[in-house]
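Undergrad: Under the working numbering, the letters of the sequence shown match residues -18 to 349, in that order.
Backbone N, C-alpha and C define an ideal beta-carbon position, used for all residues, glycine too.
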Amino acid sequence: MKIEELLKSPSEWVRTEGPNSKIVMSSRVRFARNLRNFPFPGWAKKPDRQKSLELIQPAVEALPEMSTSFSESMDNVVAIDKQVLVERHLISREHAAKNVGSGVIINGKETISVMINEEDHLRMQAIKSGLQLKDVFKLIDKVDSELEESLDFAFSPKLGYLTACPTNVGTGMRASAMVHLPAMVLSDQINQVVQAVNKLGLAVRGLYGEGTEALGNVFQVSNQTTLGEKESDVIERLNKVILQIIEHEENARITLLEKKPRVAYDQVGRAYGVLTNAHTVSSKEALNLLSLLRMGVDLELFPAGTRGVVDELFIISQPAHVQKAAERKLTAEERDSFRADLVRQRLKEVSKPKIVDAGLSQAGPELA
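Here it is in C-alpha coordinates:
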(Lines of atoms letter the chains of each structure in order from A and count residues from 1; the text may use other names and numbers.)
(Lines give C-alpha, C1' and ligand atoms only; values in the text may rest on other atoms or scores of the structure.)
Protein backbone atom coordinates (compact mmCIF):
# COMPACT_ATOMS: atom_id res chain seq x y z
CA MET A 1 0.00 0.00 0.00
CA LYS A 2 1.31 3.44 -0.95
CA ILE A 3 1.03 6.29 1.51
CA GLU A 4 -1.31 8.21 -0.84
CA GLU A 5 -3.80 5.35 -0.60
CA LEU A 6 -3.44 5.18 3.19
CA LEU A 7 -4.02 8.91 3.63
CA LYS A 8 -6.84 9.39 1.13
CA SER A 9 -9.45 9.27 3.91
CA PRO A 10 -9.37 9.91 7.68
CA SER A 11 -8.48 7.10 10.09
CA GLU A 12 -11.19 4.58 11.00
CA TRP A 13 -11.24 5.84 14.60
CA VAL A 14 -12.21 9.27 13.27
CA ARG A 15 -14.92 7.95 10.92
CA THR A 16 -16.64 5.64 13.44
CA GLU A 17 -18.34 6.20 16.78
CA GLY A 18 -17.38 3.91 19.63
CA PRO A 19 -18.78 3.65 23.19
CA ASN A 20 -18.97 6.96 25.06
CA SER A 21 -17.67 8.75 21.95
CA LYS A 22 -19.42 11.99 22.95
CA ILE A 23 -16.59 12.53 25.41
CA VAL A 24 -13.96 9.87 24.67
CA MET A 25 -12.63 10.48 21.17
CA SER A 26 -10.26 7.51 21.11
CA SER A 27 -8.60 4.77 23.17
CA ARG A 28 -5.01 3.74 22.58
CA VAL A 29 -2.59 1.16 23.99
CA ARG A 30 1.11 1.21 23.12
CA PHE A 31 3.82 -1.36 23.86
CA ALA A 32 7.57 -0.63 23.92
CA ARG A 33 9.81 -3.58 23.05
CA ASN A 34 13.52 -4.05 22.33
CA LEU A 35 15.61 -6.79 20.79
CA ARG A 36 17.98 -8.77 22.96
CA ASN A 37 21.70 -8.20 22.26
CA PHE A 38 21.05 -5.02 20.25
CA PRO A 39 21.93 -1.54 21.58
CA PHE A 40 18.95 0.76 22.15
CA PRO A 41 18.29 2.99 19.08
CA GLY A 42 19.56 6.13 20.83
CA TRP A 43 22.93 4.49 21.45
CA ALA A 44 23.07 2.36 18.30
CA LYS A 45 25.30 3.19 15.37
CA LYS A 46 23.82 3.40 11.88
CA PRO A 47 24.71 -0.22 10.88
CA ASP A 48 23.05 -1.54 14.08
CA ARG A 49 19.88 0.46 13.45
CA GLN A 50 19.70 -0.76 9.86
CA LYS A 51 20.27 -4.35 10.97
CA SER A 52 17.48 -4.22 13.56
CA LEU A 53 15.17 -2.55 11.01
CA GLU A 54 15.88 -5.34 8.51
CA LEU A 55 15.04 -7.89 11.19
CA ILE A 56 11.87 -6.26 12.55
CA GLN A 57 10.20 -4.90 9.39
CA PRO A 58 9.54 -8.23 7.62
CA ALA A 59 8.37 -9.80 10.90
CA VAL A 60 5.72 -7.09 11.31
CA GLU A 61 4.71 -7.18 7.63
CA ALA A 62 4.11 -10.95 7.93
CA LEU A 63 1.47 -10.55 10.66
CA PRO A 64 -2.14 -11.38 9.60
CA GLU A 65 -3.25 -8.02 11.06
CA MET A 66 -0.89 -6.21 8.66
CA SER A 67 -1.85 -8.04 5.46
CA THR A 68 -2.94 -4.71 3.98
CA SER A 69 -0.52 -2.10 5.23
CA PHE A 70 1.81 0.77 4.47
CA SER A 71 5.43 -0.13 5.27
CA GLU A 72 8.39 2.13 4.64
CA SER A 73 11.76 3.28 5.90
CA MET A 74 11.51 6.77 7.39
CA ASP A 75 14.10 8.18 4.99
CA ASN A 76 11.66 7.39 2.15
CA VAL A 77 8.75 9.26 3.73
CA VAL A 78 8.63 12.95 2.84
CA ALA A 79 8.38 15.52 5.64
CA ILE A 80 4.78 16.55 4.94
CA ASP A 81 3.57 12.93 5.08
CA LYS A 82 5.41 12.39 8.34
CA GLN A 83 3.58 15.35 9.83
CA VAL A 84 0.23 14.04 8.57
CA LEU A 85 0.94 10.76 10.39
CA VAL A 86 1.72 12.74 13.56
CA GLU A 87 -1.56 14.64 13.25
CA ARG A 88 -3.38 11.31 12.93
CA HIS A 89 -1.67 10.07 16.11
CA LEU A 90 -0.03 7.22 14.16
CA ILE A 91 3.59 8.17 14.86
CA SER A 92 5.24 10.42 17.44
CA ARG A 93 6.78 13.82 16.80
CA GLU A 94 10.12 12.26 17.70
CA HIS A 95 9.70 9.51 15.11
CA ALA A 96 8.85 12.07 12.44
CA ALA A 97 12.42 13.37 12.84
CA LYS A 98 13.93 9.93 12.13
CA ASN A 99 15.48 8.94 8.81
CA VAL A 100 17.86 6.12 7.83
CA GLY A 101 17.58 3.06 10.09
CA SER A 102 14.01 3.76 11.25
CA GLY A 103 10.70 2.63 9.77
CA VAL A 104 6.94 2.66 10.13
CA ILE A 105 4.22 0.10 9.37
CA ILE A 106 0.51 1.00 9.52
CA ASN A 107 -2.44 -1.24 8.69
CA GLY A 108 -5.02 -0.09 6.14
CA LYS A 109 -7.62 0.86 8.78
CA GLU A 110 -5.00 2.86 10.71
CA THR A 111 -5.98 1.01 13.88
CA ILE A 112 -2.50 -0.53 14.29
CA SER A 113 0.81 1.25 13.79
CA VAL A 114 4.36 0.15 14.51
CA MET A 115 7.31 2.52 14.82
CA ILE A 116 10.70 0.87 14.36
CA ASN A 117 13.75 2.43 16.03
CA GLU A 118 12.10 5.39 17.67
CA GLU A 119 13.25 5.51 21.31
CA ASP A 120 12.90 1.71 21.43
CA HIS A 121 13.32 -0.87 18.70
CA LEU A 122 9.54 -1.31 18.59
CA ARG A 123 6.75 1.05 19.57
CA MET A 124 3.52 -0.66 18.56
CA GLN A 125 0.04 0.71 19.21
CA ALA A 126 -3.63 0.02 18.62
CA ILE A 127 -6.22 2.81 18.50
CA LYS A 128 -10.02 2.80 18.25
CA SER A 129 -12.88 5.24 18.60
CA GLY A 130 -14.54 5.82 21.97
CA LEU A 131 -13.82 4.09 25.26
CA GLN A 132 -12.47 0.71 24.14
CA LEU A 133 -9.35 0.29 26.27
CA LYS A 134 -9.92 -3.42 26.83
CA ASP A 135 -10.48 -4.05 23.12
CA VAL A 136 -7.40 -2.15 21.96
CA PHE A 137 -5.32 -3.89 24.62
CA LYS A 138 -6.43 -7.29 23.32
CA LEU A 139 -5.64 -6.21 19.76
CA ILE A 140 -2.10 -4.99 20.42
CA ASP A 141 -1.41 -7.81 22.91
CA LYS A 142 -2.16 -10.31 20.13
CA VAL A 143 0.27 -8.49 17.81
CA ASP A 144 2.89 -8.49 20.56
CA SER A 145 2.48 -12.24 21.19
CA GLU A 146 2.75 -13.03 17.48
CA LEU A 147 5.93 -10.96 17.13
CA GLU A 148 7.46 -12.61 20.19
CA GLU A 149 7.38 -15.91 18.31
CA SER A 150 9.80 -14.58 15.67
CA LEU A 151 11.72 -11.85 17.54
CA ASP A 152 13.84 -12.24 20.66
CA PHE A 153 12.73 -9.44 22.99
CA ALA A 154 14.92 -8.12 25.80
CA PHE A 155 13.22 -9.40 28.96
CA SER A 156 14.25 -9.75 32.57
CA PRO A 157 12.44 -12.24 34.84
CA LYS A 158 12.86 -9.72 37.66
CA LEU A 159 12.09 -6.43 35.89
CA GLY A 160 10.02 -7.41 32.86
CA TYR A 161 10.55 -5.88 29.40
CA LEU A 162 13.65 -3.71 29.16
CA THR A 163 13.25 -0.28 27.60
CA ALA A 164 15.42 2.71 26.71
CA CYS A 165 13.67 4.90 29.29
CA PRO A 166 13.49 3.50 32.85
CA THR A 167 9.91 4.80 33.24
CA ASN A 168 8.74 2.22 30.68
CA VAL A 169 10.51 -0.80 32.18
CA GLY A 170 8.20 -3.65 33.20
CA THR A 171 5.10 -3.95 31.04
CA GLY A 172 6.40 -1.37 28.56
CA MET A 173 2.75 -0.35 28.21
CA ARG A 174 1.16 3.06 27.92
CA ALA A 175 -2.63 3.06 27.80
CA SER A 176 -4.46 6.31 27.14
CA ALA A 177 -7.81 7.82 26.30
CA MET A 178 -8.25 11.07 24.40
CA VAL A 179 -11.09 12.93 26.11
CA HIS A 180 -13.02 16.04 25.06
CA LEU A 181 -13.80 18.19 28.14
CA PRO A 182 -15.14 21.59 27.03
CA ALA A 183 -17.71 22.01 29.83
CA MET A 184 -15.15 21.43 32.57
CA VAL A 185 -12.85 23.96 30.90
CA LEU A 186 -15.67 26.53 30.58
CA SER A 187 -16.69 26.03 34.21
CA ASP A 188 -13.08 26.20 35.51
CA GLN A 189 -13.19 22.66 36.90
CA ILE A 190 -10.46 21.18 34.74
CA ASN A 191 -7.53 21.95 37.08
CA GLN A 192 -9.24 20.17 39.98
CA VAL A 193 -9.83 17.09 37.83
CA VAL A 194 -6.24 17.08 36.55
CA GLN A 195 -4.89 17.27 40.10
CA ALA A 196 -7.19 14.45 41.26
CA VAL A 197 -6.16 12.25 38.33
CA ASN A 198 -2.45 12.90 38.99
CA LYS A 199 -2.88 11.77 42.60
CA LEU A 200 -4.17 8.43 41.27
CA GLY A 201 -0.88 7.86 39.46
CA LEU A 202 -2.17 8.84 36.03
CA ALA A 203 -0.90 11.57 33.70
CA VAL A 204 -2.95 14.22 31.91
CA ARG A 205 -1.36 15.67 28.78
CA GLY A 206 -2.26 17.72 25.72
CA LEU A 207 -3.51 16.71 22.28
CA TYR A 208 -0.20 15.21 21.13
CA GLY A 209 0.98 13.84 24.46
CA GLU A 210 3.80 14.93 26.73
CA GLY A 211 4.77 18.58 26.52
CA THR A 212 1.88 19.61 24.26
CA GLU A 213 -1.08 21.93 24.72
CA ALA A 214 -4.66 20.76 25.25
CA LEU A 215 -5.90 22.25 21.98
CA GLY A 216 -9.60 21.96 21.30
CA ASN A 217 -10.22 21.10 24.98
CA VAL A 218 -8.81 17.63 24.24
CA PHE A 219 -6.71 15.88 26.87
CA GLN A 220 -4.86 12.56 26.96
CA VAL A 221 -5.18 10.59 30.19
CA SER A 222 -2.68 7.75 30.55
CA ASN A 223 -0.98 5.46 33.06
CA GLN A 224 2.41 6.38 34.50
CA THR A 225 3.28 3.10 36.22
CA THR A 226 4.75 0.27 34.14
CA LEU A 227 6.66 -1.66 36.81
CA GLY A 228 5.12 -4.02 39.37
CA GLU A 229 1.57 -3.93 37.99
CA LYS A 230 -0.18 -6.26 35.57
CA GLU A 231 -1.36 -4.85 32.24
CA SER A 232 -4.95 -5.91 32.93
CA ASP A 233 -4.92 -4.08 36.28
CA VAL A 234 -3.60 -0.90 34.63
CA ILE A 235 -6.31 -1.06 31.97
CA GLU A 236 -9.02 -1.66 34.56
CA ARG A 237 -7.87 1.24 36.76
CA LEU A 238 -7.58 3.64 33.82
CA ASN A 239 -10.99 2.58 32.52
CA LYS A 240 -12.60 3.34 35.91
CA VAL A 241 -10.98 6.78 36.05
CA ILE A 242 -12.12 7.60 32.49
CA LEU A 243 -15.69 6.62 33.42
CA GLN A 244 -15.50 9.03 36.36
CA ILE A 245 -14.17 11.79 34.08
CA ILE A 246 -17.07 11.14 31.69
CA GLU A 247 -19.50 11.53 34.59
CA HIS A 248 -17.87 14.80 35.69
CA GLU A 249 -17.99 16.22 32.15
CA GLU A 250 -21.63 15.18 31.71
CA ASN A 251 -22.54 16.82 35.03
CA ALA A 252 -20.61 19.95 34.04
CA ARG A 253 -22.61 20.15 30.81
CA ILE A 254 -25.92 19.73 32.67
CA THR A 255 -24.94 22.39 35.20
CA LEU A 256 -23.83 24.73 32.43
CA LEU A 257 -27.20 24.43 30.69
CA GLU A 258 -29.15 24.80 33.94
CA LYS A 259 -27.24 27.72 35.46
CA LYS A 260 -25.58 29.46 32.51
CA PRO A 261 -27.49 28.48 29.37
CA ARG A 262 -26.68 31.75 27.63
CA VAL A 263 -22.96 31.12 28.11
CA ALA A 264 -23.27 27.69 26.48
CA TYR A 265 -25.41 28.91 23.60
CA ASP A 266 -23.26 32.00 23.10
CA GLN A 267 -20.05 29.94 22.91
CA VAL A 268 -21.54 27.48 20.42
CA GLY A 269 -23.23 30.21 18.39
CA ARG A 270 -20.09 32.32 18.14
CA ALA A 271 -18.06 29.28 17.12
CA TYR A 272 -20.54 28.46 14.37
CA GLY A 273 -20.65 32.09 13.24
CA VAL A 274 -16.88 32.43 12.99
CA LEU A 275 -16.24 29.08 11.28
CA THR A 276 -18.98 29.55 8.70
CA ASN A 277 -17.94 33.10 7.84
CA ALA A 278 -14.20 33.44 8.47
CA HIS A 279 -11.81 33.75 5.53
CA THR A 280 -8.68 33.16 7.58
CA VAL A 281 -8.35 30.99 10.67
CA SER A 282 -5.33 29.55 12.47
CA SER A 283 -4.99 25.90 13.40
CA LYS A 284 -5.28 26.64 17.12
CA GLU A 285 -8.37 28.80 16.69
CA ALA A 286 -10.00 26.23 14.40
CA LEU A 287 -9.53 23.40 16.93
CA ASN A 288 -10.87 25.48 19.81
CA LEU A 289 -13.93 26.56 17.81
CA LEU A 290 -14.56 23.05 16.48
CA SER A 291 -14.46 21.86 20.08
CA LEU A 292 -17.41 24.13 20.85
CA LEU A 293 -19.31 22.86 17.80
CA ARG A 294 -18.71 19.30 18.98
CA MET A 295 -20.16 20.22 22.37
CA GLY A 296 -23.09 21.78 20.53
CA VAL A 297 -23.78 18.43 18.82
CA ASP A 298 -23.73 16.72 22.24
CA LEU A 299 -26.18 19.34 23.57
CA GLU A 300 -28.46 18.52 20.60
CA LEU A 301 -28.13 21.99 19.10
CA PHE A 302 -27.14 20.34 15.80
CA PRO A 303 -28.29 17.12 14.11
CA ALA A 304 -26.44 14.03 15.40
CA GLY A 305 -24.82 13.49 11.99
CA THR A 306 -22.89 16.74 12.41
CA ARG A 307 -20.47 15.00 14.80
CA GLY A 308 -18.83 13.07 11.96
CA VAL A 309 -18.21 16.30 10.03
CA VAL A 310 -16.74 18.05 13.08
CA ASP A 311 -14.54 15.10 14.08
CA GLU A 312 -13.16 14.89 10.56
CA LEU A 313 -12.46 18.63 10.57
CA PHE A 314 -10.53 18.15 13.82
CA ILE A 315 -8.00 16.20 11.77
CA ILE A 316 -8.07 17.69 8.27
CA SER A 317 -7.88 21.32 9.49
CA GLN A 318 -4.45 20.73 11.04
CA PRO A 319 -1.39 22.23 9.29
CA ALA A 320 0.07 19.21 7.46
CA HIS A 321 -3.37 18.01 6.32
CA VAL A 322 -4.14 21.48 4.96
CA GLN A 323 -0.88 21.60 3.05
CA LYS A 324 -1.42 18.06 1.77
CA ALA A 325 -4.90 19.01 0.53
CA ALA A 326 -3.54 22.10 -1.22
CA GLU A 327 -0.98 19.91 -3.05
CA ARG A 328 1.66 22.62 -2.79
CA LYS A 329 3.84 24.36 -0.23
CA LEU A 330 1.90 27.08 1.58
CA THR A 331 3.00 30.00 3.70
CA ALA A 332 1.44 30.30 7.18
CA GLU A 333 -0.92 32.98 5.85
CA GLU A 334 -1.95 30.82 2.88
CA ARG A 335 -2.57 27.86 5.20
CA ASP A 336 -4.89 29.94 7.36
CA SER A 337 -6.84 31.07 4.28
CA PHE A 338 -7.03 27.57 2.80
CA ARG A 339 -8.14 26.16 6.18
CA ALA A 340 -10.92 28.75 6.49
CA ASP A 341 -12.17 27.93 2.97
CA LEU A 342 -12.05 24.20 3.72
CA VAL A 343 -13.99 24.54 6.98
CA ARG A 344 -16.61 26.88 5.47
CA GLN A 345 -17.18 24.45 2.62
CA ARG A 346 -17.59 21.43 4.93
CA LEU A 347 -19.97 23.30 7.23
CA LYS A 348 -22.10 24.65 4.39
CA GLU A 349 -24.74 21.95 4.90
CA VAL A 350 -24.79 22.32 8.71
CA SER A 351 -27.72 24.43 9.87
CA LYS A 352 -27.50 27.08 12.59
CA PRO A 353 -27.60 25.78 16.18
CA LYS A 354 -31.13 25.36 17.52
CA ILE A 355 -31.97 26.72 20.96
CA VAL A 356 -34.46 24.38 22.61
CA ASP A 357 -34.79 26.12 25.99
CA ALA A 358 -38.15 27.88 26.11
CA GLY A 359 -36.75 30.31 28.66
CA LEU A 360 -34.57 31.80 25.94
CA SER A 361 -37.34 32.23 23.40
CA GLN A 362 -37.06 36.02 23.60
CA ALA A 363 -33.64 35.75 22.02
CA GLY A 364 -35.12 34.03 19.00
CA PRO A 365 -35.16 30.39 17.90
CA GLU A 366 -31.58 30.39 16.66
CA LEU A 367 -28.16 31.77 17.33
CA ALA A 368 -25.68 32.41 14.58
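(1) Would you say Ala233 and Gln299 are within 7 Å of each other, going by their C-beta atoms?
(2) Alpha carbon to alpha carbon, how far is Leu120 from Ala259?
(3) With a floor of 4 residues, list each alpha helix (DSSP H) that falls wholly inside the stretch 106 to 150, ordered by position along the chain.
(4) What are the partner residues of Gln31, as DSSP defines its beta bridges?
(5) Grab me the residues of Pro20's own chain with a C-beta within less than 7 Å of its C-beta, minus the 5 sequence neighbours each way, in chain order.
(6) What are the residues that DSSP puts in a beta bridge with Ile93?
(7) Kindly indicate which three-state DSSP category Glu194 falls into: helix, strand or coil?
(8) Relative to the C-alpha of Asn198, which candidate in Ile235, Leu237, Glu266, Ser126 has its C-alpha closest?
(9) Got a sec? Which residues, its chain only, sit under 8 Å from Leu140 by beta carbon, not counting five neighbours each side?
(10) Which ranges does the beta strand (DSSP E) cover as unbroken runs of at least 3 residues, wholly within the stretch 14 to 89, from first to last along the chain?
(11) Span of the beta strand (DSSP E) holding Met159?
(12) Can you check the stretch 295 to 344 for any alpha helix (DSSP H) of at least 4 residues that lies completely inside it and give the ranges in chain order?
(13) Among all the DSSP beta bridges, which residues are the ones paired with Val166?
(14) Whole angstroms is fine: what's the gap from Asn88's alpha carbon to Glu239's?
(15) Taking Leu183 as the reference, which of Tyr253, Leu219, Asn98 has the closest Cα?
(16) Please work out which residues of its chain come closer than 6 Å, Cβ to Cβ, to Ala158, disregarding the five sequence neighbours upstream and downstream, and give them in chain order.
(17) Compare the beta carbon distance of Arg17 and Asp133 with 7 Å and say whether it is the shorter of the two.
(18) To the nearest angstrom, how far is it from the Cα of Asn302 to the Cα of Ser213?
(19) Taking CB distances under 7 Å as the criterion, tell me whether Glu68 reaches chain C.
(20) With DSSP as the reference, identify every bridge partner of Ala184, one or two as the case may be.
(21) Closer than 8 Å by C-beta to Ala285: which residues in its own chain qualify, once you throw out the five before and the five after it? Chain order, please.
(22) From what residue to what residue does the alpha helix (DSSP H) around Thr236 run?
(23) Just how far apart, CA to CA, sit Leu(-13) and Asn98?
(24) Mark Met(-18) as exposed unless 16 or more other C-beta atoms lie within 10 angstroms of its C-beta, in which case mark it buried.
(25) Under the assumption that Ser131 contacts Ala40 (Cβ atoms under 8 Å), give the Cβ distance between them as a whole number of angstroms.
(26) Distance check for Gln205 and Glu217, CA to CA, integer angstroms please.
TA: The short version:
(1) It is not a contact, given that the beta carbons lie outside the stated cut-off.
(2) 42 Å
(3) 114 to 129
(4) In the DSSP output, where bridge partners are listed per residue, Gln31 has none listed.
(5) Excluding residues within five positions, the ones whose Cβ falls inside 7 Å are Asp29.
(6) Ala107
(7) coil
(8) Glu266
(9) Val150, Gly151, Leu208
(10) 50 to 54, 84 to 88
(11) 154 to 161
(12) 300 to 307, 313 to 327
(13) In the DSSP output, where bridge partners are listed per residue, Val166 has none listed.
(14) Between Asn88 and Glu239, the C-alpha separation is close to 45 Å.
(15) Answer by Cα proximity: Leu219.
(16) Val5, Ser8, Val202, Ile223
(17) yes
(18) Note that residue 302 corresponds to His in the displayed sequence, not to Asn. His302 and Ser213: Cα-Cα distance of roughly 36 Å.
(19) In summary, chain C is missing from the structure at hand, where a single protein chain is found.
(20) Looking at the DSSP output, Ala184 sits in a beta bridge with Ser203.
(21) Val278
(22) DSSP places Thr236 inside the alpha helix (DSSP H), whose first and last residues are 212 to 240.
(23) 22 Å
(24) exposed
(25) 5 Å
(26) Linking Glu217 to Gln205 through their CA atoms gives a straight-line distance of about 14 Å.
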